[in-house]
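Just so you know, the UniProt record's numbering puts 61 at position 61 of the sequence shown, and the rest follows in order with no gaps. Note that CB positions come from ideal geometry on N, CA and C, so glycine has one too. Keep in mind that this is a model prediction, so the values were computed, not measured. For reference, the structure discussed in these notes is given below.
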Amino acid sequence: MGCLFSCWKTEVINIYEKRKEMRLSKIKRANLDTVQEIIQQTNNFAPKHRVNQGTFSEIYLCQIRAYGRVAIKRMTKYNVSVNAAKESQFLRRYKHRNVIQFHQCVEIDNQLCYIMEYVENGNLCQHLQDQNPQLNCWYRLQICLGTAQGIQYLHSAFLKSLIHGDIRTENILLDSHYVAKIGKFDQSKLTKARIPRNQFDDEIAILQGSLGYTRIPPEAFRGEITLGYDVYGFGSVLLEVLSGRPYLSPFQGFQTLVQYYRVCEENKCVFPRDPYAHWPYNIEKTLQNLAFGCLQERPSIRLSLKKAGYI
């Protein structure tokens, strides 16, 4: 009887291992096909096929059978790490209308290539600086609402929250209908951290190293990592959307919009508004109040994005 059970167990294990090998083989073939498609369509990443370039990456457009039209983000400053596949799998779980969809991460010539959703309308910062007349108050309101809902999703979709850490107009992409999509998740490593017990008491994941040093909240200088990072960043986005001015553009002797905004609040001055937006007074006031709540220096009284998500 014991021998019969042992034989049955061995047979079950063999069947399981064979099926596992078949699945892995299928995945490898699919990855190889995808890599070949990317190399062919970009002519092995020839400069003439590049649509954008940053300090650490290059962007190419491809038509991949598995995903359709996608953006290929090739990391030029980082070699493949052992955690790259795990990080890609981690990001693939996030599926939301206002968050860029990550499809896959592949290795090509020892360089990481992220396959992600293609968003055709550039970023919010570009549209504000170009004074796009189509970007009226209602589109801007839609963008703010979508950004808030995207951030809230990242914070609450899973038991472990995800802090983006660099919410800014440059990282808010727009599709052809001006729907906001939070992007730029792939520059750094995912790690675990503890939020101070007096605010939260659960584990979070944060994209370490991508924290925008010009926009980080005051608690960052004390070494505290909180969900308030993204709330604070959202507040700075609101100020740019309201005023149409770049965050770091010197204005009235102040280095940042947040500095000038605080002075306006303290002295009951009128904060500048973008004439191209044609803001109704009640909407403008609502967004200013939201910005005021998001930019509180003390995390404990900073606005919750659950409230900001219902503008």
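Take the Cβ of residue i as the centre, count every other Cβ of all protein chains shown within 10 Å, and call the residue buried at 16 or more, exposed below.
{"i": "Gly253", "result": "exposed"}
{"i": "Thr191", "result": "The predicted position of Thr191 is uncertain, since its pLDDT is 44 and thus under 50; a value taken from the coordinates is nonetheless stated next. Per the 10 Å Cβ criterion, exposed."}
{"i": "Trp138", "result": "exposed"}
{"i": "Val51", "result": "exposed"}
{"i": "Tyr213", "result": "Reliability fails at Tyr213, whose pLDDT of 49 lies under 50, so the model's placement of it is uncertain and no value is given."}
{"i": "Phe221", "result": "exposed"}
{"i": "Gln288", "result": "buried"}
{"i": "Gly244", "result": "buried"}
{"i": "Gly122", "result": "exposed"}
{"i": "Tyr118", "result": "buried"}
{"i": "Ser300", "result": "exposed"}
{"i": "Leu32", "result": "exposed"}
{"i": "His127", "result": "buried"}
{"i": "Val270", "result": "exposed"}
{"i": "Tyr281", "result": "exposed"}
{"i": "Lys184", "result": "buried"}
{"i": "Pro217", "result": "buried"}
{"i": "Glu87", "result": "buried"}
{"i": "Ala291", "result": "buried"}
{"i": "Leu248", "result": "exposed"}
{"i": "Gly223", "result": "exposed"}
{"i": "Ala30", "result": "Here Ala30 scores only 48 on pLDDT, less than 50, and its place in the model should not be relied on; the value that follows carries that caveat. When all chains shown are included, Ala30 counts as exposed."}
{"i": "Glu219", "result": "buried"}
{"i": "Gly68", "result": "exposed"}
{"i": "Arg298", "result": "exposed"}
Per the DSSP calculation, residue i is bridged to which residue(s)?
{"i": "Gln89", "result": "In DSSP, Gln89 forms no bridge with anything."}
{"i": "Arg65", "result": "Arg65 is not bridged to any residue."}
{"i": "Cys137", "result": "DSSP lists no partner for Cys137."}
{"i": "Ile115", "result": "Ile72 and Gln104"}
{"i": "Glu58", "result": "Gln53 and Arg74"}
{"i": "Val99", "result": "His96 and Ile182"}
{"i": "Asn123", "result": "Leu173"}
Taking residue i and residue j to be in contact with their CB atoms under 8 Å, please state how far apart those CB atoms are, rounded to whole angstroms.
{"i": "residue 315", "j": "Val231", "result": "As displayed, the chain neither begins before 1 nor continues past 311, which places residue 315 out of reach and without an answer."}
{"i": "Ile100", "j": "Lys181", "result": "5 Å"}
{"i": "His49", "j": "Val70", "result": "Not quite, the Cβ-Cβ distance comes to about 14 Å (not below 8 Å), so this is no contact."}
{"i": "Ile115", "j": "Ile39", "result": "Not quite, the Cβ-Cβ distance comes to about 13 Å (not below 8 Å), so this is no contact."}
{"i": "Ile172", "j": "Ile151", "result": "Rounded, the Cβ-Cβ distance is 10 Å, inconsistent with contact."}
{"i": "residue 312", "j": "Thr169", "result": "Because the chain is modelled from 1 through 311, residue 312 falls outside the range shown and cannot be assessed."}
{"i": "Leu239", "j": "Leu257", "result": "5 Å"}
{"i": "Val165", "j": "Tyr229", "result": "The question names Val, yet the displayed sequence has Gly at residue 165. Confirmed, Cβ separation roughly 5 Å."}
{"i": "Leu141", "j": "Ile283", "result": "6 Å"}
{"i": "Ile72", "j": "Cys113", "result": "6 Å"}
{"i": "Gln111", "j": "Arg74", "result": "6 Å"}
Under the criterion of a Cβ to heavy atom distance below 7 Å, does residue i qualify as lining the ligand HEM?
{"i": "Thr147", "result": "Of ligands this structure carries none, so the ligand HEM is not represented either."}
Meets three-Cβ-pair contact criterion under 8 Å: the stretch 165-178 and the stretch 266-279: Contact between the stretch 165-178 and the stretch 266-279 is absent, because fewer than three Cβ pairs lie under 8 Å.
Validate contact between the stretch 142-155 and the stretch 56-74 using beta carbons, cut 8 Å, 3 pairs: Verdict: no, contact absent.
The stretch 84-102 contacting the stretch 150-161, beta-carbon criterion three pairs below 8 Å: Segments in contact, yes.
Inside the stretch 135-178 only - alpha helix (DSSP H) runs reaching at least 4 residues: Every unbroken stretch of the alpha helix (DSSP H) spanning 4 or more residues and falling wholly within the stretch 135-178 is given here in chain order: 137-156.
Complete alpha helix (DSSP H) runs within the stretch 242-302 (minimum length 4 residues, chain order): Counting whole runs of 4 or more residues, the stretch 242-302 contains the alpha helix (DSSP H) stretches 257-266 and 281-294.
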